[in-house]
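Numbering (numbering that gives the first Met the number 0), first residue to last: 0 to 117.
Every residue gets a Cβ at the ideal spot worked out from N, C-alpha and C, and that includes glycine.
Worksheet: one structure, shown below.
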Amino acid sequence: MARAKIPDSVGGPAVRSAVAGGADRETTATAVRYLLQLLAERAPGNTVEVRVPPFGAVQCIPGPRHTRGTPPNVIETDAATWLALASGATTWDEGVASGAVHASGQRATLEGLLPLRY
Numbered sequence: 000m001a002r003a004k005i006p007d008s009v010g011g012p013a014v015r016s017a018v019a020g021g022a023d024r025e026t027t028a029t030a031v032r033y034l035l036q037l038l039a040e041r042a043p044g045n046t047v048e049v050r051v052p053p054f055g056a057v058q059c060i061p062g063p064r065h066t067r068g069t070p071p072n073v074i075e076t077d078a079a080t081w082l083a084l085a086s087g088a089t090t091w092d093e094g095v096a097s098g099a100v101h102a103s104g105q106r107a108t109l110e111g112l113l114p115l116r117y
């Protein structure tokens, strides 16, 4: 069953609140999931799995598809870093260099896909 889509009227305000700081856990979760949804819409595919535990994960970027086990291309980060990356407050290179973004696999990059419009 497909996950319900977060409408722009809910996701946009949640992102703005979370990026501004001081958002509660539910608002932060909505913001993270909404931005993951936007990423999956911007770069549909199944080559890279982007994880922001404990709030969500999506598969994106066209290319070879994996079908079992751990995907070969994984990006994982925390909620605060994901919000900074997706909003443009932090660049992809800065996130990777700081160690806040863990990217494994030849195609595990979001360079050129961020920031997202919300």
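In its chain, beyond the 5 residues on either side, Val47, Pro70, Pro71, Asn72 and Val73 have a beta carbon closer than 8 Å to the beta carbon of Gly104. Taking a 10 Å sphere around the C-beta of Arg24, we find fewer than 16 other C-beta atoms and assign the residue as exposed.
Annotation: Gly55 is outside any alpha helix (DSSP H); the continuous beta strand (DSSP E) that includes it extends over Gly55 to Cys59. When only Cα atoms are considered, Lys4 and Thr29 end up about 11 Å apart. Here Arg32 is buried, its C-beta having at least 16 other C-beta atoms within 10 Å.
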